[in-house]
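If you read the sequence shown in the working numbering, its first letter stands for residue 3, the second for the next number, and so on. These notes concern the structure reproduced below.
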Amino acid sequence: MLNSTEKKLNLFWLLILAWPPAGGVYKVIANAENWNHIALGMLSAGILFWALFIYVPQFRTVLPEKFFKKSFPLLFLSYIPSIAGYWEGGLSLTALIWPLAVYLFCATDGSLTTWAHERVKKGQG
Numbered sequence: 003m004l005n006s007t008e009k010k011l012n013l014f015w016l017l018i019l020a021w022p023p024a025g026g027v028y029k030v031i032a033n034a035e036n037w038n039h040i041a042l043g044m045l046s047a048g049i050l051f052w053a054l055f056i057y058v059p060q061f062r063t064v065l066p067e068k069f070f071k072k073s074f075p076l077l078f079l080s081y082i083p084s085i086a087g088y089w090e091g092g093l094s095l096t097a098l099i100w101p102l103a104v105y106l107f108c109a110t111d112g113s114l115t116t117w118a119h120e121r122v123k124k125g126q127g
């Protein structure tokens, strides 16, 4: 059973990785110059909604470390079509730094998940 801090950490993970591609979808569709841009925006939206459909019900039951590693590939994939649809040269590739940095900070170190798990032992969770 997850404690409240672990659930909040999972929810924070979903929000921090789902918000930018949602903005990218809006940007691609609002500034579409042809049907390819609209198709890429819709593809990105579909991937994002599919990821949220799969992982929102799981954020209360899966441990944060496993949840991060399991959900990251699909959430990262939702970035790519929106970046391709609103291509502004090499500058667009910098948008991929955000999810990678979040993943490296949250998922690979393990200190956040350890902290969230140990808060219950201290009576703070």
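Idealized CB from N, CA, C, for every residue including glycine.
Helix or strand or just coil, what does DSSP make of E90?
strand
Is the Cβ-Cβ distance between T110 and L65 less than 9 Å?
no
Environment of T63 [buried if 16+ CB atoms lie within 10 Å]:
exposed
Three or more C-beta pairs below 8 Å linking the region 45 to 64 and the region 91 to 106
no
Would you say F70 and W15 are within 9 Å of each other, going by their C-beta atoms?
yes
Helix, strand or coil for R121, going by three-state DSSP, please let me know.
helix
Could you check what DSSP says for E35 in three-state terms: helix, strand or coil?
coil
Would you mind reading off the limits of the alpha helix (DSSP H) that contains L76?
66 to 79
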